[in-house]
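Quick note: the sequence shown uses the working numbering, first residue 235, plus one each step. Cβ coordinates follow ideal geometry from the N, Cα and C atoms, glycine included. Here the structure is a predicted model, which is why all the values come from computation and not from measurement.
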Amino acid sequence: MSLVERQDTMNTESFVWDGGQGSVGDYIALLKPRVMSLVIFTAFVGMMLAPGNIHPVLATVSLLCIAIGAGASGALNMWYDADIDQIMSRTANRPIPAGKVSRDEAFAFGMTLSIGSVVTLGLLVNWFAGAFLAFTIFFYVIVYTMWLKRSTPQNIVIGGAAGAFPPMIGWASVTGGVSLESVVLFLIIFMWTPPHFWALALFKNSDYKAAGVPMMPVVAGENSTRNQILAYSVVLTPLAVAPYLLGFAGIFYGVSAGILGAIFLALAFNVWRVRDGEAARKATVHLFSYSIFYLFMLFAILLAESLIAGL
235 MSLVERQDTM NTESFVWDGG QGSVGDYIAL LKPRVMSLVI FTAFVGMMLA PGNIHPVLAT
295 VSLLCIAIGA GASGALNMWY DADIDQIMSR TANRPIPAGK VSRDEAFAFG MTLSIGSVVT
355 LGLLVNWFAG AFLAFTIFFY VIVYTMWLKR STPQNIVIGG AAGAFPPMIG WASVTGGVSL
415 ESVVLFLIIF MWTPPHFWAL ALFKNSDYKA AGVPMMPVVA GENSTRNQIL AYSVVLTPLA
475 VAPYLLGFAG IFYGVSAGIL GAIFLALAFN VWRVRDGEAA RKATVHLFSY SIFYLFMLFA
535 ILLAESLIAG L
């Protein structure tokens, strides 16, 4: 059976689950709270770095709307991906495949939150930010989840843009537009996404293969994936220093980004170098775990410098 035929078969499977039994915790799980926390944080940093002022109430509204919009995207992603989520061990316990929330309930939940977050952000803050949030939800659900994820090994590369937009939306909430600085913040997350997720894909290769998802290790092989992880890491590490070079971050950020990037690059090189056995598995896990810390620290230092400068 071809990959396309397999996907068509999965897409037409019927799911017989009793709806209405989900707890508050199940609906929170639909929002992908761990992903949402990163979205909130990077959006807040974008907001703090943006020139100009925003009323604290409107800032809170903006962050809340961005968070809800991200959560809505997660719920709609789980709605559409319920067929493959039940196959993969990493996602089998999500609310829909676990039978705690029905697909219809997840869809209604996601759509309600999507519309509510976009309209609220537009009405109370500004319509540019609201439209940007709407485009981000559209990009993640339609472009990534429904199209790219099941059709190309470049799914994470292109689809990763959705996860890189939040600092630009935070910036737009303050300024009503975007700028070079906000684009740089976007590019850092955009270039970080492939090595981060491909490290996970190497570790969970059998899951993606069983579900018929054409992640890079499944289609191009593990060695090609390791090559690309290293290539993206080589581009990412100097790019992360750009906020200092462009003058919207201080020397402490510049030095820290250089050190953190050197560690990232060393771990990526280790993934490229060690290709077999338990040592290879540990190398991918180390890179995946560190990549989360790396991105958090970059934005945390940007935030700290911004707060200190405002004192």
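Supposed contact pair residue j and residue i - C-beta distance, whole angstroms, cut 8 angstroms
{"i": "Met281", "j": "Val453", "result": "That belief does not hold up - the Cβ atoms of Met281 and Val453 are roughly 38 angstroms apart, past 8 angstroms."}
{"i": "Tyr478", "j": "Tyr487", "result": "5 angstroms"}
{"i": "Ile390", "j": "Phe431", "result": "5 angstroms"}
{"i": "Arg324", "j": "Lys443", "result": "Going by Cβ atoms, the distance from Arg324 to Lys443 rounds to 13 angstroms, so no, they are not a contact pair."}
{"i": "Gly259", "j": "Glu339", "result": "So it is not a contact: roughly 14 angstroms between Cβ atoms."}
{"i": "Pro429", "j": "Ser523", "result": "Between Ser523 and Pro429 the Cβ distance is about 13 angstroms, and since that is not below 8 angstroms, they are no contact."}
{"i": "Val505", "j": "Ala433", "result": "7 angstroms"}
{"i": "Phe275", "j": "Phe533", "result": "6 angstroms"}
{"i": "Ala435", "j": "Pro451", "result": "5 angstroms"}
{"i": "Leu421", "j": "Phe343", "result": "Leu421 to Phe343, Cβ: 32 angstroms. No contact."}
Limits of the alpha helix (DSSP H) - the one that residue i falls within
{"i": "Val377", "result": "Run containing Val377: none; DSSP gives neither H nor E here."}
{"i": "Leu265", "result": "Element bounds for Leu265: n/a, residue is neither H nor E."}
{"i": "Ser407", "result": "Pro400 to Thr409"}
{"i": "Ala316", "result": "Ala316 to Asp319"}
{"i": "Gln462", "result": "Glu456 to Leu473"}
{"i": "Ala332", "result": "Taken as a continuous stretch (DSSP letters only), Ala332 belongs to no alpha helix (DSSP H), as it is neither H nor E."}
{"i": "Met322", "result": "Premise fails: Met322 is in no alpha helix (DSSP H) and is neither H nor E."}
{"i": "Val452", "result": "Met450 to Val453"}
C-beta contact flag for residue i and residue j at 7 angstroms
{"i": "Ile321", "j": "Ala445", "result": "yes"}
{"i": "Thr379", "j": "Phe399", "result": "no"}
{"i": "Leu529", "j": "Trp426", "result": "yes"}
{"i": "Leu521", "j": "Leu501", "result": "yes"}
{"i": "Asn296", "j": "Val359", "result": "A small correction: the amino acid at residue 296 is Ser; Asn does not occupy that position in the sequence shown. Yes."}
{"i": "Ala304", "j": "Met270", "result": "yes"}
{"i": "Val375", "j": "Ser458", "result": "no"}
{"i": "Leu536", "j": "Ala483", "result": "yes"}
{"i": "Ile330", "j": "Ala316", "result": "yes"}
{"i": "Gly394", "j": "Phe424", "result": "yes"}
{"i": "Phe366", "j": "Ala406", "result": "yes"}
{"i": "Thr518", "j": "Leu499", "result": "no"}
Reduced DSSP category for residue i - H, G, I as helix; E, B as strand; rest coil
{"i": "Arg507", "result": "helix"}
{"i": "Thr386", "result": "coil"}
{"i": "Ser348", "result": "helix"}
{"i": "Ile526", "result": "helix"}
{"i": "Lys438", "result": "coil"}
{"i": "His289", "result": "coil"}
{"i": "Leu480", "result": "coil"}
{"i": "Val418", "result": "helix"}
{"i": "Ala284", "result": "coil"}
{"i": "Val447", "result": "coil"}
{"i": "Gly303", "result": "helix"}
{"i": "Val359", "result": "coil"}
{"i": "Ala342", "result": "helix"}
{"i": "Ala326", "result": "coil"}
{"i": "Val273", "result": "helix"}
{"i": "Ala517", "result": "helix"}
{"i": "Ser490", "result": "helix"}
{"i": "Val412", "result": "coil"}
{"i": "Val250", "result": "Because the pLDDT of Val250 is 42, which lies under 50, any placement of that residue in the model is unreliable, and the question is left without a value."}
{"i": "Asn245", "result": "At Asn245, the pLDDT of 46 sits below 50, so the modelled position is not reliable; the number obtained from the coordinates is stated separately. Asn245 falls in the helix class under three-state DSSP."}
{"i": "Ser540", "result": "helix"}
{"i": "Ser257", "result": "coil"}
{"i": "Gly394", "result": "coil"}
{"i": "Ser336", "result": "coil"}
{"i": "Met531", "result": "helix"}
Interface flag, residue i vs chain D, CB-CB below 7 angstroms
{"i": "Gly488", "result": "Annotation note: the requested chain D is absent from the structure, which comprises a single protein chain."}
Exercise for the section: Indicate whether the contact test is met: 3 or more Cβ pairs, each with one atom in the stretch 340–357 and one in the stretch 381–399, closer than 8 angstroms. Expected result: No, the stretch 340–357 is not in contact with the stretch 381–399.
Handout entry: Contact between the stretch 280–298 and the stretch 411–422 (3+ Cβ pairs under 8 angstroms)
Key = Enough Cβ pairs lie closer than 8 angstroms, so yes.
Practice task
Kindly confirm or deny that the stretch 388–399 and the stretch 490–498 touch, where touching means at least three C-beta pairs closer than 8 angstroms.
Solution key: In short, these stretches do not touch, since the Cβ pair count stays below three.
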